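Chemist: This structure is in structure tokens; I'll ask about it shortly.
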């Protein structure tokens, strides 16, 4: 992702563009699936299998548009503030699109465009942020293990135990990849 301060909703690709291989996202602990969002209402068996395997027992749905979200401008600003969580952040895009940005191991931003059908898991303890793209619309299923805890810890949050846990997990991945 480039470091332009232009509209956060733009793609912000480097010039020349440098696509991020799926293996890099995987090494950061980010997981992505492409599902059929139209099958969600009918009990999509792929989603059910992922939920069972990962222990996602709670869900809710959020629609983010200027019309649907009270305090839209403030919420968009807060979502785009760099932060981490003490739990995974799981989002299944049912309609619309937006960007999740995550920090790589060299502290650079990697922009992930998520559109209808994307199921994205951001690991506990990774610095990240979210913004809509120029469509200004996303409807997302939020999944949780147990009762939702959605407390952002804005950067710097090096003292949050989840940050140390995350860094240890990616260090293990990096050591495993080098072996």
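Numbering (my numbering), first residue to last: 1 to 179.
We put the beta carbon where it would ideally sit given N, CA and C, even for glycine.
Computed from a prediction, not measured in an experiment: that's the story for all the values here.
Helix, strand or coil, according to DSSP, for residue 91 in the structure here?
Modeler: Start at 1 with the first residue of the chain shown, and residue 91 comes out as number 91. Strand at residue 91.
Chemist: Taking the straight line between their C-alpha atoms, what separation do you get for residue 108 and residue 48?
Modeler: Residue numbering aside, residue 108 sits at position 108 when the chain shown is read from its first letter. Residue numbering aside, residue 48 sits at position 48 when the chain shown is read from its first letter. Computed Cα separation, rounded: 34 Å.
Chemist: Please state whether DSSP places residue 13 in a helix, a strand or coil.
Modeler: Looking up residue 13 in the chain shown gives position 13. Reduced to three states, the DSSP call for residue 13 is coil.
Chemist: For residue 83, which residues in the same chain have their Cβ closer than 8 Å to its Cβ, ignoring the five residues on either side in sequence?
Modeler: Reading the chain shown from its first residue, position 83 is the one you call residue 83. Counting only Cβ-Cβ distances below 8 Å, and skipping sequence neighbours, we find 127, 128, 129, 152, 153, 154, 155 and 157.
Chemist: I'd like the span of the beta strand (DSSP E) that includes residue 139, first residue to last.
Modeler: Mapped onto the chain shown, residue 139 falls at position 139. Segment 138-144, the beta strand (DSSP E) holding residue 139.
Chemist: Just to confirm, are residue 3 and residue 13 a CB contact at a threshold of 8 Å?
Modeler: The sequence position of residue 3 within the chain shown is 3, counting from 1. The sequence position of residue 13 within the chain shown is 13, counting from 1. Going by C-beta atoms, residue 3 is not nearer than 8 Å to residue 13.
Chemist: If you count every other CB in all the chains shown that lies within 10 Å of the CB of residue 102, and 16 or more means buried, which is it?
Modeler: Here the question's residue 102 lines up with position 102 in the chain shown. Per the 10 Å Cβ criterion, buried.
Chemist: May I ask which residues mark the beginning and end of the alpha helix (DSSP H) holding residue 85?
Modeler: As a working note, residue 85 is residue 85 in the chain shown. Where residue 85 is concerned, there is no enclosing alpha helix (DSSP H), given that its DSSP letter is neither H nor E.
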